[in-house]
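Chains as they are written, first to last, in this note's numbering: chain A, 1 to 234; chain B, 235 to 310.
All C-beta atoms in this analysis are idealised placements derived from N, C-alpha and C, irrespective of residue type, glycine included.
Owing to the predicted nature of the structure, the values given are computational and were not obtained by experimental measurement.
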Amino acid sequence: MEGFGPRIAFELPIFGGIPISDTVVNTWIIMAILIAFAVLASKKLEKIPKGFQNVTEAIVESLNSLTVQTMGEDKLFFAPYMGTLFLFLLLANLWGLLGLRQPTADINTTFGLAIMTFIAIHFFGAKSKGIGGYLKGFFEPLPFLFPLNVMGELSTPISLAFRLFGNMVGGFIIIGLLYGGLTSLSNMIGLSFFPIFQAGVPIIFHLYFDLFSGVLQSFIFVMLSMVFISMQMD
Amino acid sequence: MAKKRGHILENLSLVSYLGVSMIVPIIGGVYLGRWIDSLLNSQPIFLFAFIIMGVIVAFTNLFKIATKDIDKKKRK
C-alpha cells in the first residue's frame with residue numbers, strides 16, 4: 001500500500017521535469033474558484049445590493065469586523081490579507097469533503113502560509129515601532145535573554161504550521177483508513193457490489209474531522225495571525 | 235455583545251495554541267542541540283544546554299501569551 005504523503009500528479013516537461021503533486025493541483029483549483037468568485041462578485045456592483053451581492057457584502061463585512069475586533073480600528077488594512085487567508089484555508093480544509101486530498105494536509109502549504117505570517121509579523125512590527133525600537137524588543141526584559149527571544153520568535157511559525165498540518169493530516173489519515181476498513185468489511189459479508197458501509201458510517205467522521213476541525217482550524221490560524229501581528233505592532 | 239464574542243473566540247484560539255507553543259521550542263532545542271553536537275563532536279553538552287533553553291523559551295512564550303491582555307489594561 002502506498003503511504004499517505006502527497007502523490008505526484010504529473011511532471012512539467014521543463015528543466016528536466018518538475019514534479020507537480022496533487023497538493024499543488026488542488027491549490028490551483030481552489031485559487032481558480034476564489035478568483036472566479038472575486039471576479040463575478042465585483043463585476044456588477046449596485047448601490048442597493050440584491051441577491052449575490054448581498055452575500056458578498058456579508059462576507060466582506062464580517063471579515064472586516066473580525067479584523068477590527070481583534071486587531072483594532074487602525075489595522076483595518078490587514079482585512080484583505082486575513083480575509084484571503086481565511087477563505088483559502090476554509091476551502092482547503094473543506095476539500096476533504098469532496099473526497100480529495102486537502103492542500104493543508106501537506107506541510108509545505110501550511111509552512112508557506114506560516115512564513116507569510118511570520119514575515120508580516122516582523123515587517124509590520126519593525127515598521128510601526130521603528131527599526132531601533134523593534135530590535136530593542138529582542139533585548140527585553142534583560143539583555144542576556146536575546147537568544148531566548150530569538151528562539152521564541154522562530155518557534156511561532158513552526159507551531160502555527162504544525163498545528164494546522166497535524167490536525168488536517170490526522171483527519172485525512174483516519175478517514176483514509178476508515179474507508180479502507182469499511183471496504184473490506186463490506187467485502188467480508190459479501191456486499192462488494194453494494195458498499196453499504198461506506199455510504200453511511202463515514203458521515204460522522206467527515207462531520208468532525210473535515211467540517212468541525214477544518215473550520216475551527218482555519219479560524220484559529222487566522223485569529224492567531226492577527227493576534228501575533230497586532231501584539232508585535234503595539 | 236459582538237465585541238465580547240470576538241474576545242471569547244480570540245481567547246479560545248490562544249488557549250488551544252498554548253500546548254503547541256510549549257512543545258515546539260523544546261523539540262526544536264533537542265534537534266538543534268543534537269545537530270550542533272554532531273557537528274562539534276561534543277555530546278551531550280549542547281543537547282542539554284538547548285533542552286534547558288527550550289524549556290525556558292516555552293515558559294516565556296506561555297507567560298507572554300497569558301499576560302498579553304493584562305499589559306494592555308495597565309498601559310491605559
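Could you compute how far the alpha carbon of leucine 207/A sits from the alpha carbon of valine 25/A?
Looking up residue 207/A in the first sequence gives position 207. Looking up residue 25/A in the first sequence gives position 25. Going by the C-alpha atoms only, they are around 25 Å apart.
Listed by chain order, chain B residues near glycine 83/A by CB distance under 8 Å:
Indexing the first sequence from 1 puts residue 83/A at position 83. Within chain B, no residue comes near glycine 83/A; the closest Cβ sits about 15 Å away, beyond 8 Å.
Report yes or no: is there a C-beta of chain B within less than 8 Å of the C-beta of glycine 152/A?
Taking the first sequence and counting its residues from 1, the one referred to as residue 152/A is at position 152. Chain B, which has a Cβ nearer than 8 Å to the Cβ of glycine 152/A, makes this yes.
Leucine 246/B to phenylalanine 297/B, Cα distance in whole Å?
Here residue 246/B corresponds to residue number 12 of the second sequence, with the count starting at 1. Here residue 297/B corresponds to residue number 63 of the second sequence, with the count starting at 1. So the two alpha carbons sit approximately 16 Å from each other.
Helix, strand or coil: which one does DSSP assign to methionine 235/B?
Within the second sequence, numbered from 1, the residue matching residue 235/B stands at position 1. Per-residue confidence for methionine 235/B stands at a pLDDT of 42, beneath the threshold of 50, marking its modelled position as unreliable; the derived number appears in the next sentence. Three-state DSSP puts methionine 235/B in coil, outside helix and strand.
Indicate the three-state DSSP secondary structure (helix, strand or coil) for isoleucine 242/B in the structure shown.
Counted from its first residue, the second sequence places residue 242/B at position 8. In this structure, isoleucine 242/B counts as helix in the three-state DSSP scheme.
State yes or no: is the C-beta of isoleucine 158/A within less than 8 Å of the C-beta of glycine 263/B?
Start at 1 with the first residue of the first sequence, and residue 158/A comes out as number 158. Start at 1 with the first residue of the second sequence, and residue 263/B comes out as number 29. No, these two residues do not count as a Cβ contact at 8 Å.
Report yes or no: do three or more beta-carbon pairs, one from the region 209-224 of chain A and one from the region 183-190 of chain A, lie closer than 8 Å?
no
Expressed to the nearest angstrom, what Euclidean distance is found between the alpha-carbon atoms of methionine 235/B and leucine 248/B?
Taking the first residue of the second sequence as position 1, residue 235/B is located at position 1. Taking the first residue of the second sequence as position 1, residue 248/B is located at position 14. Because methionine 235/B sits at a pLDDT of 42, beneath the cut-off of 50, its placement in the model cannot be relied upon, and the following sentence gives the value as read from the coordinates. Cα to Cα, methionine 235/B sits roughly 20 Å from leucine 248/B.
My assumption, with CB atoms under 8 Å, is that serine 155/A sits in contact with proline 259/B. Please give the rounded CB distance.
Here the question's residue 155/A lines up with position 155 in the first sequence. Here the question's residue 259/B lines up with position 25 in the second sequence. Between proline 259/B and serine 155/A the Cβ distance is about 5 Å, and since that is below 8 Å, they are a contact.
Start and end of the alpha helix (DSSP H) containing leucine 40/A?
For this step, residue 40/A is matched to residue 40 along the first sequence. Element bounds for leucine 40/A: 22-41.
Is leucine 142/A helix, strand or coil when you go by DSSP?
One-based indexing of the first sequence puts residue 142/A at position 142. Leucine 142/A falls in the coil class under three-state DSSP.
Mind listing which residues of the region 161-185 of chain A have their C-beta closer than 8 Å to chain B's C-betas, in chain order?
Phe162 and Arg163
So, for isoleucine 20/A: in the same chain, excluding its five sequence neighbours on each side, which residues have a beta-carbon less than 8 Å away from its beta-carbon?
To locate residue 20/A, count along the first sequence from 1; it is residue 20. So the list reads Ile8, Ala9, Phe10, Glu11 and Leu12, once near-sequence residues are dropped.
Taking Cβ positions only, does leucine 211/A come closer than 8 Å to chain B?
Indexing the first sequence from 1 puts residue 211/A at position 211. Judged by the 8 Å Cβ criterion, leucine 211/A is not in contact with chain B.
Using the C-alpha atoms, what's the distance from proline 141/A back to phenylalanine 205/A?
Translated into positions along the first sequence, residue 205/A becomes position 205. Translated into positions along the first sequence, residue 141/A becomes position 141. Approximately 47 Å between the Cα atoms of the pair.
On a Cα-Cα basis, can you pick out the residue from Ala114/A, Phe172/A and Ile121/A that is closest to arginine 101/A?
The residue labelled residue 101/A in the question sits at position 101 within the first sequence. Measuring from the Cα of arginine 101/A, the nearest candidate turns out to be Phe172/A.
Chain B residues whose Cβ lies nearer than 7 Å to that of valine 227/A
Residue 227/A sits at position 227 when you count from the first residue of the first sequence. Those within 7 Å of valine 227/A in chain B are Glu244 and Leu248.
Chain-ordered chain A contacts of threonine 294/B [CB-CB under 7 Å]
Position 60 of the second sequence holds residue 294/B. Those within 7 Å of threonine 294/B in chain A are Leu148 and Gly152.
Rounded C-alpha distance that separates proline 49/A from serine 42/A:
Looking up residue 49/A in the first sequence gives position 49. Looking up residue 42/A in the first sequence gives position 42. Between proline 49/A and serine 42/A, the C-alpha separation is close to 12 Å.
Under the rule that 16 or more other beta-carbon atoms within 10 Å means buried, what is glutamate 153/A, buried or exposed?
Locating residue 153/A in the first sequence gives position 153, counting from the first residue. That one is buried.
Compute the Euclidean distance between the alpha carbons of valine 39/A and asparagine 93/A, then round it to the nearest angstrom.
In the first sequence, the residue the question calls residue 39/A occupies position 39. In the first sequence, the residue the question calls residue 93/A occupies position 93. Taking the straight line from one Cα to the other gives about 23 Å.
Beta-carbon proximity check, threonine 70/A vs methionine 226/A, cutoff 8 Å:
Residue mapping note: residue 70/A aligns to position 70 of the first sequence, counting from 1. Residue mapping note: residue 226/A aligns to position 226 of the first sequence, counting from 1. Taking 8 Å as the Cβ cut-off, threonine 70/A and methionine 226/A qualify as a contacting pair.
From the beta carbon of isoleucine 158/A, is the nearest beta carbon of chain B less than 8 Å away?
As a working mapping, residue 158/A is identified with position 158 in the first sequence. Chain B, which has a Cβ nearer than 8 Å to the Cβ of isoleucine 158/A, makes this yes.
Kindly say whether isoleucine 290/B, judged by its beta-carbon, lies nearer than 8 Å to any beta-carbon of chain A.
Here residue 290/B is taken as the residue at index 56 of the second sequence, counted from 1. For isoleucine 290/B, the answer is yes, since a Cβ of chain A falls inside 8 Å of its Cβ.
Counting along the chain, where does the alpha helix (DSSP H) carrying isoleucine 107/A start and finish?
Mapped onto the first sequence, residue 107/A falls at position 107. Start and end: 107-136.
Bridge partners of glutamate 73/A, per DSSP?
If you number the first sequence from 1, residue 73/A lands on position 73. Looking at the DSSP assignment, glutamate 73/A forms no beta bridge with any residue, so it has no partner.
What does tyrosine 265/B touch in chain A if you count any residue whose Cβ is under 8 Å from its own?
Within the second sequence, residue 265/B is the residue found at index 31, counting from 1. In chain order: nothing, as chain A lies at least about 11 Å away.
Pick helix, strand or coil for proline 13/A, following the three-state DSSP scheme.
Numbered from 1 along the first sequence, position 13 holds the residue referred to as residue 13/A. Coil.
CA-CA distance, lysine 310/B and alanine 292/B?
On the second sequence, residue 310/B is found 76 positions in, with the first residue counted as 1. On the second sequence, residue 292/B is found 58 positions in, with the first residue counted as 1. The pLDDT assigned to lysine 310/B is 48, lower than 50, so where the model puts this residue is not dependable; a value taken from the coordinates is nonetheless given after this. Those two C-alpha atoms are separated by around 28 Å.
Roughly how many whole angstroms lie between the Cα atoms of threonine 84/A and leucine 34/A?
Indexing the first sequence from 1 puts residue 84/A at position 84. Indexing the first sequence from 1 puts residue 34/A at position 34. The straight-line gap from Cα to Cα measures roughly 9 Å.
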